[in-house]
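In this note's numbering, the protein residues as written are 16 to 197. Ideal Cβ positions, reconstructed from N, Cα and C, are used throughout, including at glycine. Note that the structure is predicted; figures quoted are calculated from it, not measured. Notes to accompany the following structure.
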């Protein structure tokens with residue numbers, strides 16, 4: 016090969032080296048990525064917390080009368096949510112024999128509870144019979160509705176048809192005083 020051919024190839028190599036050096040130094044920057052949406056950011060934070068802690072017992076306790084109705088709320092209260100991979104169960108404490116009634120209506124109650132918490136959140140209801148402390152909110156409502164014989168008008172007191180009602184009211188007072196003494 017001649018001197019002329021060697022110099023051209025050398026020049027090409029030098030030019031290619033210069034081009035590569037230029038590209039290395041002035042390479043284009045990667046495309047700018049937009050910030051993720053706020054929904055994605057909060058989802059990344061809340062999803063693990065939701066899986067770990069799940070729906071709260073406090074949310075159920077605060078809305079218990081609205082979820083299952085005043086009748087059942089006066090007789091029961093949610094105690095705990097337990098469970099794992101197969102499903103979660105709700106432990107309900109019920110007053111006396113009302114536990115059997117609540118267990119009998121577990122299907123309906125389960126539907127109402129899952130409507131509040133989300134589809135298939137609770138898969139099973141466990142009812143425990145116990146003596147509940149009176150709920151101050153429901154107790155205030157029931158005392159406001161009931162009237163003692165002293166508060167009733169004289170026409171109601173003297174009516175012989177209401178003698179049975181006054182006897183029941185007196186019995187209720189005696190039972191109430193005995194349970195508060197114990």
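Buried or exposed by the 16-neighbour rule on C-beta atoms within 10 Å, applied to residue i
i	result
residue 46	exposed
residue 34	exposed
residue 93	buried
residue 22	exposed
residue 29	exposed
residue 8	Nothing in the structure corresponds to residue 8, since the chain is present only between 16 and 197.
residue 85	exposed
residue 39	exposed
residue 64	exposed
residue 124	buried
residue 178	exposed
residue 180	exposed
Residue j beta carbon less than 8 Å from that of residue i
i	j	result
residue 60	residue 91	no
residue 141	residue 106	yes
residue 74	residue 80	no
residue 144	residue 114	yes
residue 83	residue 127	yes
Cutoff 8 Å; reference residue i; Cβ partners in own chain excluding five residues on either side
i	result
residue 104	96, 97, 98, 137, 138, 139, 140, 141
residue 43	none
residue 72	93, 94, 95, 96
residue 182	none
Same chain only: Cβ atoms within 7 Å of residue i, ignoring 5 sequence neighbours per side
i	result
residue 129	135, 136, 137
residue 213	Because the chain in this structure spans residues 16 to 197, residue 213 falls outside the shown range and cannot be described.
Same chain only: Cβ atoms within 6 Å of residue i, ignoring 5 sequence neighbours per side
i	result
residue 112	none
With a cut-off of 8 Å, do at least 3 Cβ pairs link the region 52 to 61 to the region 91 to 105?
By the Cβ rule, the region 52 to 61 does not count as touching the region 91 to 105, because fewer than three pairs are nearer than 8 Å.
Please give me, in chain order, every unbroken run of the alpha helix (DSSP H) with length at least 4 that falls completely inside the region 49 to 137.
Counting only runs of 4 or more residues that sit fully inside the region 49 to 137, the alpha helix (DSSP H) segments are 53 to 68, 72 to 83, 85 to 90, 113 to 119, 121 to 132, in chain order.
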